[in-house]
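Mapping to UniProt numbering: the sequence shown position 86 is 86, numbers consecutive.
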Amino acid sequence: MSEAINIGSVDSIDEGEAIVIPSEENGTKEDIAVFHAEDGNFYAINDECTHETASLADGWIEGTEVECPVHAAKFCLKSGTALCLPATVAARTHKIEVQDGELLLYPDTPAV
């Protein structure tokens, strides 16, 4: 398991919104998007759509899914699964926890 990165308070991401943790800060080769889904939970997946270069953090969140803002591919925030065309490859997930009101991201540790 990777080391946890404190990315801020749970209040720093409004429900239905996302932020990007740049690769330089998360220690991986990819930017990671952290979503506060409509179910009240937080999820982390690679920020780049697997179909074409686009930030998933700029997409639309509905329930526990995000829709890419470029070609409307959808991804499950829990599993990273590509839910519809044009995307056919899953987005990589990352473990995220809430401890004492803080968000802890574990880059390169898959979400369970």
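Cβ coordinates follow ideal geometry from the N, Cα and C atoms, glycine included.
CA-to-CA distance, residue j to residue i, given in whole angstroms
{"i": "E38", "j": "K74", "result": "15 Å"}
{"i": "E17", "j": "E3", "result": "25 Å"}
{"i": "I5", "j": "V66", "result": "23 Å"}
{"i": "L83", "j": "T64", "result": "12 Å"}
{"i": "I13", "j": "V34", "result": "9 Å"}
{"i": "Y106", "j": "E15", "result": "21 Å"}
Anticipated Cβ contact below 8 Å, residue i with residue j, distance rounded
{"i": "A87", "j": "H51", "result": "4 Å"}
Which listed residue (the options) has its alpha carbon closest to that of residue i
{"i": "D100", "options": "N46, H94, V20 and V10", "result": "V10"}
{"i": "T81", "options": "V70, S23 and T93", "result": "T93"}
{"i": "A57", "options": "I19, L83 and H71", "result": "I19"}
{"i": "G8", "options": "E30, F42 and G27", "result": "F42"}
{"i": "A90", "options": "L77, I96 and S23", "result": "L77"}
Identity of the residues DSSP links to residue i by a beta bridge
{"i": "H71", "result": "H71 pairs with nothing; no bridge assigned."}
{"i": "V89", "result": "DSSP output for V89 lists no bridge partner at all."}
Sequence ranges, beta strand (DSSP E) only - wholly within the UniProt domain "Rieske" (16 to 105), length at least 3
17 to 21, 32 to 36, 42 to 46, 60 to 62, 65 to 67, 74 to 76 and 93 to 99
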